[in-house]
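Chemist:
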Amino acid sequence: MTDTPDRRAFLKAAAATGALGAVGAPAAEAQTGAALKFSAPAPFSFETLQEEARRLIKEPYRPPAVPDPQITSKIDYEAWGKITYNTDYALYAADKERFPVEFFHLGMFFKKAVRIHKVDGGEAREILYDPAYFNMPEDSIAHQLSPGAGFAGFRLQESKSGQLDWKKNDWVAFLGASYFRAIGELRQYGMSARGIALDTWVADRSEEFPDFSHIYIGPETEDGVVLHALLEGPHIVGAYRFLMTRGKGVVMDIDCKLFLRGDFVRFGIAPLTSMYWFSETRKPTAIDWRPEVHDSDGLSMWTGAGERLWRPLNNPQRVMASAFGDNNPKGFGLMQRDRNYDHYLDNVFYDRRPSVWIEPKSDWGKGAIQLIEIPTDDEIHDNIVVAWVPEKTAVPGAEFDFSYRLHWLADEPYPTPLARCVATRLGNGGQPGKPRPKGVRKFMVEFLGGPLEKLPFGVKPEPVLWASRGTFSYIFTEAVFDGVTGHWRAQFDLTVEGADPVEMRLFLKNGDAVLSENWLYQYHPF
């Protein structure tokens, strides 16, 4: 875990951060820790926030203010990194029963200020910016910011009663547009979630990045930290409620009410954003010294009908959008299944990146889990997006209610009892020692655990294959002799002509008994 979001947060925020600059008359308050400055109190509840969102959708969009852009434009990555928060000014710094809260400073990649409020006793008071909250070099241009310039975001620090030093360790961060992240149980940041994904990679349309313009922190309950957020964009306004629970990982219960003043083709609910450059599946020769580089290696799905699906991620040559239709899905998420450090050899700890599972808590009805895969030639770009797109049309005047839970863990919270896919490998087709035919690719798909551990000696699982086009050959299964019980691979060749993608499906069975989850793959011939 690091004290600041990783390098991709800067790229995302540079394209779309924002909210309104802080306003209001300051009112000093003797705060636990050093003295923060607050505005006058105002009544607050989730209901009043929803009413505010309903009111705002009837008004013209208010573009977020950008405080002192001529100054923040000069606070580059290096200068921004030298500005640290003074933990004496952390919200709840001296309260043993609460998680301390620290704030991010504005900068080149975070130019728009989020208005952050403390909620207590049914009242909200805005926390007003003061440069005294931050440790800055004497020559930092940040000293020239206007009074009350505002914050870029915030983070929740670890408990003061825990084993970790709360001043150096955080577990949730909100920074840039509607992006937020949490560490998993392996204490490492990785992928991001966001409030909404609007027209992500839709032809002839620009993606819209609304902002969490107002954040309301507190009160804490026995269950965790309560946060509220007002989402504002050119064509959408929303009210969000978060319940953040710190356990072996992080669990977030999210309720949102959304109002539209525009229409969207791809209206993405509960979106996750991750990075996949390459893995053991397919790696161009000498592209990088490491064996694998990715925050996530696959999309796991548990359908409303109970089917378990695993879709390994791709780094395609062009943007690809895949849709998996469903009715009331039980859950889905981007997973990092490969936890072997030797498969990465990188001290940024890709082996510890969290898996994030989305669990619907309300009736989501009909729609599709949509996966967007974007070409990338480096690890600095997030190129994977997954979200639920409801069947209900997203048009002006429409309203949406969604309730769901995000699990930031090392693995799925409800793992399948079936064998799971643990690797997908591609190579030249044909048989060793014989000429390799052109246009033929060999696939090795590895499964582990579940019923495979109990197969009688001499019994081989049977592969069941399907492809949208092409023909299969050289099909068989074999045990993997690595000393691990229940580790099998299915091997087959696929012969296909042309460059169009091929959709594939595979699972293992023994007689009528299904042994594994369904492996789905989109093969791009080359």
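If you want our numbering, it's the position in the sequence shown, counting the first as 1, plus 784.
For every residue, glycine included, the Cβ atom is placed at its ideal position computed from N, Cα and C.
Note that the structure is a prediction, hence the values are computed from the model and not measured.
By alpha-carbon positions, which one of 1067, 1016, 1204 ends up nearest to residue 1086?
Modeler: The shortest Cα separation from residue 1086 among 1067, 1016, 1204 belongs to 1204.
Chemist: Which whole-angstrom value is the C-beta distance of residue 1239 and residue 1294, which I expect to be below 8 Å?
Modeler: 7 Å
Chemist: Decide if residue 814 is buried, meaning its Cβ has at least 16 other Cβ atoms within 10 Å, or exposed.
Modeler: A caution first: residue 814 carries a pLDDT of 40, below 50, which makes its placement in the model unreliable, though a value can still be read off. Per the 10 Å Cβ criterion, exposed.
Chemist: Pair every Cβ in the stretch 838–851 with every Cβ in the stretch 1040–1054, then say whether three or more of these pairs are closer than 8 Å.
Modeler: yes
Chemist: Can you name the start and end residues of the beta strand (DSSP E) that residue 1275 belongs to?
Modeler: 1271–1279
Chemist: Cα-Cα, which of 1064, 1273, 864, 1170 is closest to residue 1084?
Modeler: Measuring from the Cα of residue 1084, the nearest candidate turns out to be 1170.
Chemist: Go ahead and pull the three-state DSSP assignment for residue 1293.
Modeler: Three-state result, residue 1293: strand.
Chemist: Among 963, 864, 937, which one has its Cα closest to the Cα of residue 921?
Modeler: 864
Chemist: Check whether the stretch 1141–1160 touches the stretch 1208–1219, taking contact to mean three or more Cβ pairs, one atom from each stretch, closer than 8 Å.
Modeler: These segments do not touch.
Chemist: Under a Cβ-count criterion, where at least 16 other Cβ atoms within 10 Å of its own Cβ denotes burial, should residue 923 be classed as buried or exposed?
Modeler: exposed
Chemist: What would DSSP say about residue 824, mapped onto helix, strand or coil?
Modeler: coil
Chemist: Looking at the strands, I want to know which residues DSSP matches up with residue 996.
Modeler: 1015
Chemist: So which of 1081, 1190, 963 has the shortest CA-CA distance to residue 1033?
Modeler: 1190
Chemist: Output the distance between the C-alpha atoms of residue 990 and residue 1292, rounded to the nearest integer angstrom.
Modeler: Linking residue 990 to residue 1292 through their CA atoms gives a straight-line distance of about 42 Å.
Chemist: May I have the straight-line CA-CA distance separating residue 1082 from residue 894, to the nearest angstrom?
Modeler: 30 Å
Chemist: Going by DSSP in three states, residue 800 sits in which element: helix, strand or coil?
Modeler: Note that residue 800 scores a pLDDT of 32, beneath 50, so its modelled location is shaky and nothing firm can be said.
Chemist: Could you tell me the alpha carbon to alpha carbon distance between residue 904 and residue 1009, rounded to whole angstroms?
Modeler: 12 Å
Chemist: Here's the rule I'm using: 16 or more other beta-carbon atoms within 10 Å means buried, otherwise exposed. How should residue 1312 be labelled?
Modeler: No statement about residue 1312 is possible, as the shown extent of the chain runs from 785 to 1310 and does not include it.
Chemist: Within a Cβ cutoff of 6 Å, which residues of the same chain sit near residue 1251, ignoring the five residues on either side of it in sequence?
Modeler: 1286, 1288
Chemist: Tell me the rounded alpha-carbon separation between residue 933 and residue 1105.
Modeler: 40 Å
Chemist: Is there contact between the stretch 1168–1187 and the stretch 942–958, where contact requires at least three CB pairs shorter than 8 Å?
Modeler: no
Chemist: In terms of residue numbering, what span does the alpha helix (DSSP H) encompassing residue 781 cover?
Modeler: Residue 781 lies beyond the range of the chain shown here (785 to 1310); nothing can be said about it.
Chemist: Ordered along the chain, which non-local residues of its own chain (more than five positions away) have a Cβ less than 6 Å from that of residue 800?
Modeler: Confidence at residue 800 is low in this model, with a pLDDT of 32, below 50, so its placement is unreliable and no value can be given for it.
Chemist: Going by CA-CA distance only, name the one from 913, 1039, 1060, 1278 that's closest to residue 1144.
Modeler: Nearest C-alpha to residue 1144: 1039.
Chemist: Can you pull the DSSP bridge partners for residue 1115?
Modeler: 1086
Chemist: DSSP state of residue 861, grouped into three classes?
Modeler: helix
Chemist: DSSP on residue 1039, reduced to helix/strand/coil?
Modeler: strand
Chemist: Spell out a yes or no on whether the stretch 962–975 and the stretch 1127–1143 are touching, meaning 3 or more CB-CB pairs, one atom from each, closer than 8 Å.
Modeler: The stretch 962–975 vs the stretch 1127–1143: in contact.
Chemist: Below 9 Å between beta carbons: does that hold for residue 1269 and residue 1237?
Modeler: yes
Chemist: Looking only at its own chain, which residues have a Cβ that is under 8 Å from the Cβ of residue 1234, when we skip the five neighbours before and after it?
Modeler: Excluding sequence neighbours, residue 1234 sits near 1200, 1201, 1202, 1203, 1204, 1270, 1299, 1300.
Chemist: Which of the three DSSP states, helix, strand or coil, is assigned to residue 1078?
Modeler: strand
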